[in-house]
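**Q**
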Amino acid sequence: MISAERIPNNVGLSSNKRLQRALEHWQPKYIQWWRDMGPQGFQDYHQVYVRTAVSVDPAGWAHFEYVKLPEYRWGIFLADPVHDRRIGFGDFLGQPVWQEVPGEFRNQLRRLVVTQGDTEPASVEQQRWLGQRCPSLYDLRNLFQVNVEEGRHLWAMVYLLHSYFGRDGRDEAEELLERQSGNRDKPRILDAFNEPIDNWLDFFMFTMFTDRDGKSQLLSLSESSLDPLSRTTRFMLTEEAHHMFVGETGVARILERACQLMKRAGFSGDVRKVGGIDIPTIQKFINLWFSLSLDLHGNEVSTNAASYFANGLKGRAFEEKWDDHAVTEAMYELQMMREGRLQTQHIPMRTAMNEVLRDWYVGDCQAGVTRWNKILERHGFSDRLRLPDRKFNRGIGMFSSLHFDPEGHQLTDDDWQRRKSEWLPAPLDREYLLSIMAEPVYEPGKFANYIAPPQRGIKGAAVNFEYVRTEL
Ligand SMILES: [Fe+2]
Ligand SMILES: [Fe+2]
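Sequential numbering from 1 applies to the sequence shown in our numbering.
What follows is the structure, encoded as structure tokens:
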């Protein structure tokens, strides 16, 4: 099934000539975009030891080889169909899932696919300079693995646009390569994807928190009544897991190193004096990326979310774990601001679906932070990292016009302006990070001073394996 085809796939592309031609027409534009906006300085002379999906079975997507990045085999893979799959929630509960897009939901579905699709190339663009400041070849390889897979996720969404959305879908596929992260005239759709990521602490926090929002969204889309959307997002989730691994272990290794340096500098010693990243700085980056990623889940009360659920387009994470899948009567307890005070209100759960997904997300993030704290505990330090309150630093939703500290206490505008650099990265913090990352580490087995080596290498290879090699 998979083979020497120009576009590796398990969707029978060779038997659909029209679609194949359309995608082969899009492919060179994609490669040009990758060269222009992908990893800078790592296009022609470097071979990267990456995993390439060649099929969806466990053996098929654990295929490792050295490739030059622009020659990575980006393909289209859908998880295997589920026999007699039925709609699992909303007003059409129990009916057979759809193999085509129903006309009445076409716009809503297209918007969901485009919004998801836009985040994929955006993150590659945000991260394109990081290779020049990498802490090791191991990390460089992980960065590129994440990047090529985000590229593949773009392919997944473009496949859906070309296959199911006709002319409009083809236009949207072009525009996905035209918008650019941080571009003033044509920015990416969502704010968190327009923030530059120019240091590795931002990168690890992004893959920990923002890729985890990706997981939220993919979990809810994998419940969709549109079966091809469900199957493609189900396969994307397997790749997403590695991205969060990179983020969580990246921060864990920085923390591990901070603990080693704290001991060396004396318990109260300043870790920065010995070139490490101190805990208060790590906490500020958690505050920033967690709050930005909370925003990605949308407004607390949302008629769009209600209609996505009612129409069976977007479910809850792990919908099968809930008892009631119609959700016509259920209510949701929401903390709302009323007359300047927080009050608990009961609202129909369908309108609170963004908040329901956010609950799942916060729990998943908390589990990661708890694992980080084990490192501090093991080293005998009493400091702990924590997630800020959900109301802190919000740009979307009912708390976005107000200010709160990380404990959730409301602040005046003046207090917020005066104190926000205690809680969020300040220019000096970023300057410091860039100063310790200025020299990239390209020697196998060597690691920058601010990060501990990983416990093991990739796919059984040694930590000092040459994960990226240069061929001139
Ligand atoms: Fe992705
Ligand atoms: Fe990702």
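Backbone N, C-alpha and C fix where the C-beta goes; we use that ideal spot for every residue, glycine too.
Quick caveat, the model's predicted, so the values are computed rather than measured.
1. So Gly38 and Thr119 are supposed to be a Cβ contact under 8 Å. How far apart are they, rounded?
2. So, is Leu176 buried or exposed, given that buried needs 16 or more other C-beta atoms within 10 angstroms?
3. Flag this pair as yes or no: are the beta carbons of Val48 and Val67 separated by less than 8 Å?
4. Between Met349 and ligand 1, is there a pair consisting of the residue's CB and a ligand heavy atom that are separated by less than 7 Å?
5. Where does His403 sit, in a helix, a strand or coil, going by DSSP?
6. In its own chain, which residues sit with a C-beta less than 8 Å from the C-beta of Asp429, not counting the 5 before and 5 after it?
7. Name the DSSP bridge partner or partners of Thr344?
8. What residue does the alpha helix (DSSP H) around Glu439 start on, and which one ends it?
9. Does the stretch 228-248 touch the stretch 140-156, meaning 3 or more C-beta pairs lie closer than 8 Å?
10. Given 8 Å as the limit, is there contact between the stretch 89-106 and the stretch 406-426, that is, 3 or more CB pairs closer than that?
11. Classify Asn142 as helix, strand or coil using the three-state DSSP reduction.
12. With C-beta atoms as the reference, is Asp389 less than 8 Å away from Glu407?
13. According to DSSP, Lys68 sits in a beta bridge with which residue or residues?
14. Examine ligand 1 and report whether any of its heavy atoms sits within less than 7 Å of the Cβ of Glu150.
15. Pro81 by DSSP, collapsed to three states: which one?
16. With H, G and I counted as helix, E and B as strand and the rest as coil, what does DSSP make of Gln127?
17. Helix, strand or coil for Gln40, going by three-state DSSP, please let me know.
18. Could you check whether Met262 and Thr207 sit closer than 8 Å to each other, using their CB atoms as the reference points?
19. My assumption, with CB atoms under 8 Å, is that Phe89 sits in contact with Glu319. Please give the rounded CB distance.
20. Excluding the 5 residues flanking Asn299 on each side, which residues of the same chain have their C-beta closer than 7 Å to its C-beta?
21. Nearest CA to the CA of Ala241: which residue from Gly368, Trp200, Glu443, Leu288?
22. In whole angstroms, what separates the C-alpha of Met337 from that of Gln343?
23. Can you tell me which of the three DSSP states Arg179 falls into?
24. If you draw a straight line from the alpha carbon of Asp364 to that of Leu357, how long is it in whole angstroms?
25. Applying the 10 Å Cβ sphere with the 16-neighbour rule, what's the burial state of Gln99?
26. Am I right that Phe165 and Val101 are in contact with their C-beta atoms under 8 Å? What's the rounded C-beta distance?
27. For Leu112, does the three-state DSSP call read helix, strand or coil?
28. Judging by CA-CA distance, which residue of Asn199, Arg264, Leu229, Glu5 is the nearest neighbour of Ser435?
29. DSSP state of Thr470, grouped into three classes?
30. Give me the Cα-Cα distance between Asp80 and Pro196, rounded to the nearest whole angstrom.
31. Can you tell me the Cα-Cα spacing of Arg73 and Gln32, whole angstroms?
32. Distance, Cα to Cα, Leu226 vs Ser55?
33. For ligand 1, is there any heavy atom lying closer than 7 Å to the beta carbon of His153?
34. In chain order, what residues of the same chain lie with their CB nearer than 6 Å to the CB of Gly247, ignoring the 5 residues before and after it?
35. Taking 7 Å as the line, does the beta carbon of Asp414 fall inside it for any heavy atom of ligand 3?
36. Out of curiosity, what's the CA-to-CA distance linking Ile286 and Gly460?
**A** The answer reads as follows:
1. Wrong, their Cβ atoms sit about 15 Å apart, outside the cutoff.
2. Here Leu176 is buried, its C-beta having at least 16 other C-beta atoms within 10 Å.
3. Yes; because the gap between Cβ atoms is below 8 Å, this pair is in contact.
4. Closer than 7 Å to some heavy atom of ligand 1: that does not describe the Cβ of Met349.
5. If DSSP states are grouped into helix, strand and coil, His403 belongs with the strands.
6. Non-local C-beta neighbours of Asp429 in its own chain, meaning closer than 8 Å and more than five positions away in sequence, comprise Thr281, Lys284, ordered along the chain.
7. Gln335, per the DSSP bridge assignment.
8. In this chain, Glu439 is not harboured by any alpha helix (DSSP H), its DSSP state being neither H nor E.
9. They touch, by the three-pair rule.
10. As far as the Cβ criterion goes, the stretch 89-106 does not touch the stretch 406-426, which means the pair count is below three.
11. Asn142 sits in a helix when the DSSP states are folded into three classes.
12. Judged by beta-carbon spacing, Glu407 lies within the 8 Å limit of Asp389, meaning their Cβ atoms are closer than that value.
13. Partner(s): Gln47.
14. Yes - ligand 1 has a heavy atom lying nearer than 7 Å to the Cβ of Glu150.
15. Looking at Pro81 - three-state DSSP - the assignment turns out to be coil, as it is neither helix nor strand.
16. Of the three classes helix, strand and coil, the one that applies to Gln127 here is coil, per DSSP.
17. Looking at Gln40 - three-state DSSP - the assignment turns out to be coil, as it is neither helix nor strand.
18. No, these two residues do not count as a Cβ contact at 8 Å.
19. Sure, about 5 Å apart at Cβ, within 8 Å.
20. Non-local beta-carbon contacts of Asn299 in its own chain, meaning distances under 7 Å to residues more than five positions away in sequence, involve Asn354, Ile396, Gly397 in chain order.
21. The shortest C-alpha to C-alpha distance from Ala241 to any of Gly368, Trp200, Glu443, Leu288 is the one to Gly368.
22. When the Cα atoms are used, Met337 and Gln343 turn out to be separated by approximately 6 Å.
23. Three-state DSSP puts Arg179 in coil, outside helix and strand.
24. Cα to Cα, the separation comes out at about 11 Å.
25. Gln99 comes out exposed.
26. Taking a contact as a CB-CB distance under 8 Å, the pair Phe165 and Val101 counts as one, their CB atoms being some 7 Å apart.
27. Leu112 falls in the helix class under three-state DSSP.
28. The residue with the shortest Cα to Cα distance from Ser435 is Asn199.
29. The three-state reading of DSSP puts Thr470 in strand, counting E and B together.
30. Using only the alpha carbons, I get a separation of about 37 Å.
31. Our two residues, Arg73 and Gln32, have alpha carbons roughly 15 Å apart in a direct line.
32. Each residue's Cα considered, the two are about 22 Å apart.
33. At least one heavy atom of ligand 1 is nearer than 7 Å to the Cβ of His153, so yes.
34. Only Phe204, Thr207, Met208 meet the Cβ criterion.
35. Judged by which ligands are present, ligand 3 is missing from the structure shown, whose ligands are ligand 1 and ligand 2.
36. Ile286 and Gly460: Cα-Cα distance of roughly 31 Å.
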